[in-house]
Amino acid sequence: MSNHIRCDILAGTDVPCEKCSGRKEGTVLMRTSGKNRGSLYFYTQDLPRSLAHTVVGHVVHGIELCKIAAEKDRLQIIVEPSQVDLVGMPLESARAEAEAFNLKFTPDVDSPDRIVISQKPATTLEALSQGAIEVRTIPDKQVISITLDDVNAPRTCKIFREFSGLKYHAIGRLPILFSFDEVTLFKAKIPKATSVLPENIPVSSVDAGILAMTNDSCKGVGIVGVRSVPSSEFGPTSEPFSGTNIIGTVIDMEKVANLEEGELVFFREVRR
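Numbered according to my numbering, the sequence shown spans residues 927 to 1198.
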């Protein structure tokens, strides 16, 4: 019988070691190093402390479910306090959310049709401790809506979400690498240890608005691109089809036309 259950949704996330203590029954920890760095552990038995884990919470009700859970079971988790994450929200929605937490809300620009792109403090516990939160915003017209194809490119979509920030917030961001007449390229800072294996490769042509990432078969691995016109020769990152992983579509192509090299671009994922 196992002494814990593990959730790998956040695997790969950098986690500092802040509170290293005994792994008591009901303790919730995150791994700070090793293969499963970032994974959540729910302990069902008492064990000595581990220097590779940091305590993040405690189960106050339902530990019995953890004890009988099997692989691939899904458990509902209610976190108290709930997360204060305003990033990606329209300004007025963010204001209402902050007020619900009794937080003093201070935006950089207080006007309609703006989207929150960052908050300070960044974490829930710091925000609640200070009783206040400041947000940075941009006009909604500067946020590009995209869809991602998890059915045909699950691995590459996972990589894109992680390194654009969409894994953690409703808004992601990538800098523009180059912008040509027909192609716009974005640079994701993907570590060399991360493999972008070929998947969902184009067959005969790619349409305008198709979003793709260069895979390991080319030197520009990790580059993300979109074409403004169809092509039967090259993918959205200007690589041959064999080096192209299609990951989704850009809905707001009219916004891409106005982007400039070096600009930080913000993405919103639309789920269908």
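For each residue, glycine too, the CB sits at the ideal point set by N, CA and C.
DSSP state of residue i mapped onto helix, strand, coil
{"i": "Ile-1116", "result": "coil"}
{"i": "Met-1015", "result": "coil"}
{"i": "Gln-971", "result": "coil"}
{"i": "Gln-1045", "result": "strand"}
{"i": "Arg-1062", "result": "strand"}
{"i": "Thr-958", "result": "coil"}
{"i": "Ser-1090", "result": "helix"}
{"i": "Pro-1101", "result": "strand"}
{"i": "Lys-1030", "result": "strand"}
{"i": "Val-1129", "result": "coil"}
{"i": "Thr-939", "result": "coil"}
{"i": "Cys-1083", "result": "helix"}
{"i": "Cys-1144", "result": "coil"}
{"i": "Cys-933", "result": "strand"}
{"i": "Val-1005", "result": "coil"}
{"i": "Val-1176", "result": "strand"}
{"i": "Arg-963", "result": "coil"}
{"i": "Leu-1111", "result": "strand"}
Selection from the options that minimises the alpha carbon distance to residue i
{"i": "Leu-1137", "options": "Val-1176, Leu-991, Gly-983", "result": "Val-1176"}
{"i": "Ser-1121", "options": "Ala-1134, Glu-990, Glu-1108, Asp-1142", "result": "Asp-1142"}
{"i": "Phe-1112", "options": "Val-1152, Asn-1078, Ala-1096", "result": "Val-1152"}
{"i": "Pro-1124", "options": "Pro-1080, Arg-963, Arg-957, Gly-964", "result": "Pro-1080"}
{"i": "Leu-1074", "options": "Gly-983, Leu-1092, Leu-977", "result": "Leu-1092"}
{"i": "Pro-1166", "options": "Lys-1145, Lys-1181, Ser-1154", "result": "Lys-1145"}
{"i": "Leu-1100", "options": "Val-1005, Val-1150, Ser-976, Glu-990", "result": "Val-1150"}
{"i": "Gly-964", "options": "Ser-976, Pro-942, Asp-1039", "result": "Pro-942"}
{"i": "Asn-1174", "options": "Ile-1072, Glu-1088, Arg-1198", "result": "For clarity, residue 1174 is Gly in the given sequence; the question names Asn instead. With distances taken between Cα atoms, Gly-1174 lies closest to Ile-1072."}
{"i": "Ser-947", "options": "Val-1035, Glu-990, Arg-957", "result": "Arg-957"}
{"i": "His-984", "options": "Arg-975, Ala-1058, Thr-1110, Glu-951", "result": "Glu-951"}
{"i": "Lys-1118", "options": "Val-1155, Gly-1148, Ser-1158, Leu-1103", "result": "Gly-1148"}
{"i": "Ser-1130", "options": "Glu-1159, Ala-937, Thr-1140", "result": "Glu-1159"}
{"i": "Asp-1178", "options": "Asn-1171, Ser-1090, Asp-1066, Ala-1114", "result": "Asp-1066"}
{"i": "Lys-961", "options": "Asp-940, Thr-953, Lys-945", "result": "Asp-940"}
{"i": "Ile-1085", "options": "Gly-1161, Gly-1135, Ala-1114, Leu-1103", "result": "Ala-1114"}
{"i": "Asp-1036", "options": "Ala-1020, Leu-1029, Asn-1028", "result": "Ala-1020"}
{"i": "Ile-1041", "options": "Glu-1060, Val-1069, Val-1196, Ala-1058", "result": "Val-1069"}
{"i": "Val-1109", "options": "Phe-1089, Arg-1087, Ala-1134", "result": "Ala-1134"}
{"i": "Val-1005", "options": "Val-1196, Val-982, Leu-991", "result": "Val-982"}
{"i": "Gln-1055", "options": "Pro-1038, Asn-1028, Ser-1044", "result": "According to the sequence displayed, residue 1055 carries Ser and not Gln. Checked all of Pro-1038, Asn-1028, Ser-1044; the closest Cα to Ser-1055 is Asn-1028."}
{"i": "Ile-989", "options": "Ala-978, Thr-980, Leu-1001", "result": "Leu-1001"}
{"i": "Asp-1107", "options": "Asp-1034, Pro-1162, Gln-1045", "result": "Pro-1162"}
{"i": "Gln-1045", "options": "Ala-1058, Pro-1038, Asp-1039", "result": "Ala-1058"}
{"i": "Lys-1030", "options": "His-987, Pro-1038, Ala-1053", "result": "Ala-1053"}
{"i": "Phe-1193", "options": "Thr-1170, Thr-1032, Ile-1102, Thr-1082", "result": "Ile-1102"}
Per DSSP, cross-strand counterpart(s) of residue i
{"i": "Gly-983", "result": "Val-954"}
{"i": "Ser-1071", "result": "Arg-1194"}
{"i": "Met-1201", "result": "The question about residue 1201 has no answer, for the chain in this structure spans 927 to 1198."}
{"i": "Arg-949", "result": "Leu-973"}
{"i": "Arg-1000", "result": "Per DSSP, none; premise fails for Arg-1000."}
{"i": "Arg-1021", "result": "According to DSSP, which records beta bridges pairwise, Arg-1021 is partnered with nothing at all."}
Three or more C-beta pairs below 8 Å linking the stretch 994-1010 and the stretch 1041-1059: yes
Taking contact to mean 3 or more Cβ pairs, one atom from each stretch, closer than 8 Å, check whether the stretch 927-944 and the stretch 969-988 are in contact. Flag = yes, the stretch 927-944 and the stretch 969-988 touch.
Segments of 4+ residues assigned as alpha helix (DSSP H) that fall wholly inside the stretch 1146-1173: none
Count Cβ pairs between the stretch 1125-1136 and the stretch 1064-1081 that sit closer than 8 Å; are there 3 or more? yes
Across the stretch 1082-1099 and the stretch 1013-1031, are there enough close Cβ pairs to call them in contact, namely three or more that are closer than 8 Å? yes
Okay, do the stretch 1019-1039 and the stretch 987-998 touch, 3+ Cβ pairs below 8 Å being the bar? Touching, no, given that fewer than three Cβ pairs across the two stretches are closer than 8 Å.
Below 8 Å, how does it come out for the stretch 1154-1171 and the stretch 1185-1194: are there three or more Cβ pairs, yes or no? Not touching, per the Cβ criterion.
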